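Everything in the sequence shown is counted per the working numbering, starting at 1354 for the first residue and increasing by one.
Even for Gly, the Cβ is constructed at its ideal location relative to N, Cα and C.
Keep in mind the model is a prediction, meaning the values are calculated, not measured.
Working notes for the structure below.
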Amino acid sequence: MVSSDYLNALLRGDLHVNRLFAFLGVEVVVLEPEECVLGLVIRPELLQGAGIMPGGIAATLLDEAMAHVVLAGMQNSQSTATVELSVRFLAPVAESEHVTARARPLKRGKRVVTVEAELLKDDGTIAAKGMASFLVT
């Protein structure tokens, strides 16, 4: 279940409430029912062998941005889980680059929320696009 305490802690930068965010170094920029924006600087330990960010990191950041826009629009007694995720990788991201994941809901149904997101480099290049469906219970 989501709580407003959890969402407020993220907005204050208290990443201890989300160990994945703390591990990756995710910055919560916007967390609202109509938009979630997460930032990440690509550190050396987040690179694959060719020196670029692996697709799994991009997919994770997109999934988390989309999940959190869903969470921000839910009631305290509800919970959610990703039931479908698709990602298209469009441009490489190198060490020390900053990326921003922007997620917006497309449709909020009673049980399923459909969300889209983009992973943007600071120069405006779209590095990846994602779409996901989330079950709300």
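Would you kindly check if the distance between the Cβ of residue j and the Cβ of residue i is under 8 Å?
i, j, result
"G1392", "T1478", "no"
"E1450", "K1474", "yes"
Give every residue of the same chain whose Cβ lies closer than 6 Å to the Cβ of residue i, excluding the five residues on either side of it in the sequence, and list them in chain order.
i, result
"G1483", "L1415, V1440 and A1470"
"A1418", "C1389, L1391, A1454, A1456 and A1470"
"F1374", "L1368"
"G1409", "none"
"E1380", "G1392"
"S1486", "V1436, E1437, V1465 and T1467"
Please work out which residues of its chain come closer than 7 Å, Cβ to Cβ, to residue i, disregarding the five sequence neighbours upstream and downstream, and give them in chain order.
i, result
"V1370", "Y1359, A1362 and L1363"
"F1442", "G1408, A1411 and A1481"
Would you tell me roughly how many angstroms separate the C-alpha atoms of residue i and residue j, rounded to the nearest one?
i, j, result
"D1476", "A1444", "12 Å"
"Q1401", "A1411", "12 Å"
"L1472", "L1459", "17 Å"
Which residues does DSSP pair with residue i in a beta bridge?
i, result
"G1392", "E1380 and T1453"
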